[in-house]
Amino acid sequence: MEDLSFIPDLPSGPLDVYRNGASFNWKRLKLALEGDIDLLKLKYKIWRTLEKDPLFAHHPVTPPLEEQKRITQLQLKKINEYKFIPKEMFNASYSKRTRTIMTINEAVQSLNPSVSVKMAIGIYLFSNALLSLGTERHLKFYEATIKHREILASFALTEIAHGSDARLMRTTATYDPSTKEFVVHTPDFEAAKCWVGNLGRTCTHTLLFAQLITPDGTNHGLHGFVVPIRNPDTLETYPGLTVGDMGEKIGVNGIDNGFIMFNNYRIPRENLLNRTADVTEDGTYESSFSEPSRILGAALENLSAGRIGIMQESCQSLASAVSIAVRYAATRTQFGERGRETPLIEYPLHQWRLFGHVAAAVIYRLYIGKFTYVYLNMVEKSNAGHRVDNLSEAVSEIHAMVSSSKPLLTWGALRAAQQAREACGGHGYLKSSNLGDIRSNHEPTVTYEGDNNVLSQQAGNWLLRQYEAARAGADVDAPLASVAFLRDLPRLRAAAFRAARTADLKTPDFIISTYRWLLCWLLKHTHEKNEAELAKGLTKVQARNNCQVYRWKNLTKVYAEYLSLIFSLEAIETKEKELQPVLMKLFCLYGLWCLDDSLVELYQGGYSKGEEMARLIRDAVLELCSEVKGDIVSVVDSLAPPDFVLNSALGKSDGKLYQNLQKAFFSQPGVFERTPWWRDVVPSSKL
Ligand SMILES: Cc1cc2nc3c(=O)[nH]c(=O)nc-3n(C[C@H](O)[C@H](O)[C@H](O)COP(=O)(O)OP(=O)(O)OC[C@H]3O[C@@H](n4cnc5c(N)ncnc54)[C@H](O)[C@@H]3O)c2cc1C
């Protein structure tokens, strides 16, 4: 068995009442959730190092806006200097290297999300894009970014008037053969690039997406270009650019999101990322689809890697939020009988509000851990030029999986953060609870890297195509088997709810088979709705738009929940025996908690009649809440980062709630000093 002594023991205190009764060892569950001991060690190394560095000390009061940006930039510089990526990683496999980078990002994210976003865009997204969209001539940018850290980049796609519909971006890059340069231009303010992270104050280069126009006037669509923005020695912006900071946001204010307008700004021809298409010196456009498998691999990489990173970070935010709320609930008492007050965690309502989110935190972690491996292995094979069977179908399937799961996880974490805040009552509203920062810093993930509602439509379209193929008796184009059950359509349609006791529901078989039935029915329902719209004489686009609500609420969400269930179940089956009972309970709790949300559709589709099914599902959820109660504090111990990272007066691992609150109150700068404005407000006019 692995030596886990690198994980510090937890201090004893009031939480021991619950910890002592746990059915498993929390450190072993922590390792099982991380999935890789080297990566877990790396996380702890990062946290230990940063805890000792005063630059990473927490501020009891939010610093002024510019100071937040300065601190974040300095923190990023310091993280670069610490060189957390082991040297040998630069020569390691793509999959291993990417997992290491993702782990570093996650460890930093739980401490200051602004730094991790800065790092993810400025270093990793950019260097990945250079590898997948660029060619040998861009390696110098790659080395300068990832090895020497001389370049801090940004990613400029969104414009003032267009975000989700990227095709209509209006920034142009027109080729001038007389100087062998592209001339980048912004026609007006509506076409200014905006929201670009790192652009406002700090980046040296941007990865710009602009319409490529050749001298014959042909527009070849959006292409990627490396565009220098600032002198790396002085951070002065170059002439021909109008660059500004977007100002204060609701969260992540350490990031300098910026806007930019280009005034006939010239860049060398070679700065076009030319893996898939190039412009010759004399201005001829050439598409070089000589290695389609590599090109598709690159496309897959670009579409999905950033979103997988966001999902991992969502797991971390969700884990932190529920850890604070559960530790609080185990130490906070209200009401009671016979002179003894009751801890909040003993109330079924409180359990019902929180434990489903705790189960989700565990299931999502297992799901994303496993899915990331599948995804990275496939990209690695494809980038290495190995044959991957049905690659283009696999690319589409991965895109559908990511496009449905990113909404599920980001919204899931947001809902949990809000519930955790409320579950801690008034104290949850204190900055020192950290729940406000967790919530507001997490919030923009539902919008960036693809707005959740827009992404989910794309997943819905793919699902409908698979259903239509299955209905017609054709093969389902899903090499990763996420909808393999569609091959069994007739049998699934005939299935029905047959359980009589809650025990029949608390099994993976019941949950998975109910999900399969539900997905089949939702597909049928959405397909029929679409056909009915077409029969009215509407265009395909109009018909699809009229089915949007069905595609998200009633289809894509359920598909994403199903994915999280089948992947996590596979992961649970490989975990050590001691952990299986608690993991299985959390699995069932999550599955039934989600099904409760789909009761309308289960009844609407005729899976059951009468009130029995709803009653049994809800009773089973409540029973499971009560069954996991004795383990739940240890479950959040496995999920939570160390106290320094969690940074919450309510969620410290010693459980000394009121002592920690007192420390937080008393340590605020100037808390007992007379306010500087007391003269203006004293009631007596004599002063
Ligand atoms: C903190 C933050 C950081 C960001 N960082 C970057 C960055 O570094 N680089 C960059 O290029 N961009 C960045 N963005 C921008 C982000 O990618 C866009 O905001 C996002 O793509 C959505 O585009 P939009 O804001 O134009 O919204 P819109 O596309 O205008 O959408 C507005 C709303 O309409 C809905 N909607 C849109 N189309 C449809 C439809 N067909 N049917 C139904 N509903 C629809 C959407 O769901 C959304 O709720 C960032 C944004 C934020 C908040």
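Under the numbering used here, the first residue of the sequence shown is numbered 1404, with each subsequent residue one higher. Here a beta-carbon is modelled for each residue, glycine too, at the ideal position from N, C-alpha and C. Since we're looking at a predicted model, the values are computed, not measured.
Residue from R1901, I1914, S1581, L1921 whose Cα sits closest to the Cα of G2013: Position 610 of the sequence shown, counting from 1, holds the residue named residue 2013. Here the closest residue by C-alpha is R1901.
Strand pairing of V1587, partner residues [DSSP]: For the purposes of this step, residue 1587 is taken as the residue at position 184 of the sequence shown. Answer is A1576, Y1668, bridged to V1587.
M1664, buried or exposed, once every other Cβ within 10 Å from all chains shown has been counted against 16: To locate residue 1664, count along the sequence shown from 1; it is residue 261. M1664 is buried by the Cβ-count criterion.
When D1840, Q1861, C1597 are compared against D1648, the one with the closest alpha-carbon: Numbered from its first residue, the sequence shown carries residue 1648 at position 245. The residue with the shortest Cα to Cα distance from D1648 is C1597.
Inter-stretch contact at 8 Å, needing at least 3 Cβ pairs: the region 1559-1574 / the region 1639-1655: no
Closer than 8 Å: G1566 CB and nearest ligand 1 heavy atom: The sequence position of residue 1566 within the sequence shown is 163, counting from 1. For ligand 1, at least one heavy atom lies less than 8 Å from the Cβ of G1566.
Straight-line gap, Q2065 to G2058 (C-alpha atoms, nearest Å): Start at 1 with the first residue of the sequence shown, and residue 2065 comes out as number 662. Start at 1 with the first residue of the sequence shown, and residue 2058 comes out as number 655. Cα to Cα, Q2065 sits roughly 13 Å from G2058.
Proximity of Y1918 and V1961 at Cβ, strictly below 9 Å: If you number the sequence shown from 1, residue 1918 lands on position 515. If you number the sequence shown from 1, residue 1961 lands on position 558. Yes, the pair counts as a contact, with Cβ atoms nearer than the cut-off.
Residues near D1419 in its chain [Cβ-Cβ closer than 7 Å; skip 5 each side]: Here residue 1419 refers to the residue found at position 16 of the sequence shown. So the list is empty, once near-sequence residues are dropped.
Distance, R1842 Cα to S2091 Cα: Residue numbering for the chain in the displayed model covers 1404 to 2090; residue 2091 lies beyond these limits and cannot be assessed.
Short Cβ contact (9 Å threshold) for N1515 with T1475: Locating residue 1515 in the sequence shown gives position 112, where the first residue counts as 1. Locating residue 1475 in the sequence shown gives position 72, where the first residue counts as 1. Yes, they are a contact pair.
From N1957, H1930, T1959, L1958, residue whose alpha carbon lies closest to that of A1946: If you number the sequence shown from 1, residue 1946 lands on position 543. With distances taken between Cα atoms, A1946 lies closest to H1930.
Any 3 or more C-beta pairs closer than 8 Å across the region 1549-1557 and the region 1517-1529: yes
Length of the line joining the Cα atoms of S1535 and V2074: Looking up residue 1535 in the sequence shown gives position 132. Looking up residue 2074 in the sequence shown gives position 671. Distance between the alpha carbons of S1535 and V2074: 53 Å.
For P1671 and V1682, the rounded distance between their alpha carbons: If you number the sequence shown from 1, residue 1682 lands on position 279. If you number the sequence shown from 1, residue 1671 lands on position 268. For V1682 and P1671, the distance between alpha carbons rounds to 12 Å.
Sequence ranges, beta strand (DSSP E) only - wholly within the region 1766-1839, length at least 3: none
Sequence-distant residues of the same chain with beta carbon closer than 7 Å to V2085, five excluded per side: Translated into positions along the sequence shown, residue 2085 becomes position 682. Closer than 7 Å at Cβ, skipping near neighbours: no residue.
Any non-hydrogen atom of ligand 1 within 8 Å of N2063 CB: Within the sequence shown, numbered from 1, the residue matching residue 2063 stands at position 660. No - ligand 1 has no heavy atom lying nearer than 8 Å to the Cβ of N2063.
At least 3 beta-carbon pairs within less than 8 Å: the region 1885-1903 vs the region 2003-2013: yes
Inter-stretch contact (C-beta, 8 Å, three-pair minimum) for the region 1806-1818 and the region 1730-1747: no
Y1578 and I1616 closer than 9 Å at C-beta: Residue 1578 sits at position 175 when you count from the first residue of the sequence shown. Residue 1616 sits at position 213 when you count from the first residue of the sequence shown. In contact: Y1578 and I1616 (Cβ atoms closer than 9 Å).
Buried versus exposed call for G1424 [16 or more other C-beta atoms within 10 Å across all chains shown]: By 1-based counting over the sequence shown, the position of residue 1424 is 21. It counts as exposed.
Segment contact, 8 Å Cβ cut-off, at least three pairs: the region 1850-1858 with the region 1829-1836: no
Any 3 or more C-beta pairs closer than 8 Å across the region 1752-1760 and the region 1721-1730: yes
Cβ-heavy atom distance, W2081 to ligand 1, below 8 Å: Here residue 2081 corresponds to residue number 678 of the sequence shown, with the count starting at 1. No.
Proximity test, A1854 beta-carbon vs ligand 1 heavy atom, cut-off 8 Å: Position 451 of the sequence shown, counted from the start, is the residue given in the question as residue 1854. Strictly speaking, residue 1854 in this sequence is Asp, with Ala absent from that position. Correct: D1854 has its Cβ closer than 8 Å to ligand 1.
F1409 classed as buried or exposed, judged by whether at least 16 other C-beta atoms fall within 10 angstroms: Within the sequence shown, the letter at position 6 stands for residue 1409. Counting Cβ neighbours within 10 Å, F1409 comes out exposed, since fewer than 16 surround it.
Any non-hydrogen atom of ligand 2 closer than 8 Å to N1660 Cβ: Ligand 2 is absent from the structure shown, which contains only ligand 1.
4 or more residues per run - each alpha helix (DSSP H) lying fully within the region 1924-1998: 1943-1949, 1951-1954, 1960-1976
C-alpha distance - S1696 paired with S1785, whole-angstrom precision: The sequence position of residue 1696 within the sequence shown is 293, counting from 1. The sequence position of residue 1785 within the sequence shown is 382, counting from 1. Residue placement at S1696 cannot be trusted, given a pLDDT of 47 that sits under 50; the coordinates are not used to answer.
Within 9 Å, strictly: CB atoms of E1434 and D2040: Reading the sequence shown from its first residue, position 31 is the one you call residue 1434. Reading the sequence shown from its first residue, position 637 is the one you call residue 2040. Rather than Glu, the amino acid found at residue 1434 in this sequence is Leu. It is not a contact, given that the beta carbons lie outside the stated cut-off.
Simplified DSSP assignment, three categories, for W1865: Indexing the sequence shown from 1 puts residue 1865 at position 462. Correct three-state label for W1865: helix.
The region 1981-1995 in contact with the region 1871-1891 per 3-pair CB rule at 8 Å: no
Cα-Cα separation, G1600 to S1567: By one-based count along the sequence shown, residue 1600 stands at place 197. By one-based count along the sequence shown, residue 1567 stands at place 164. For G1600 and S1567, the distance between alpha carbons rounds to 17 Å.
Any alpha helix (DSSP H) of 4 or more consecutive residues that is wholly inside the region 1438-1481: 1440-1455
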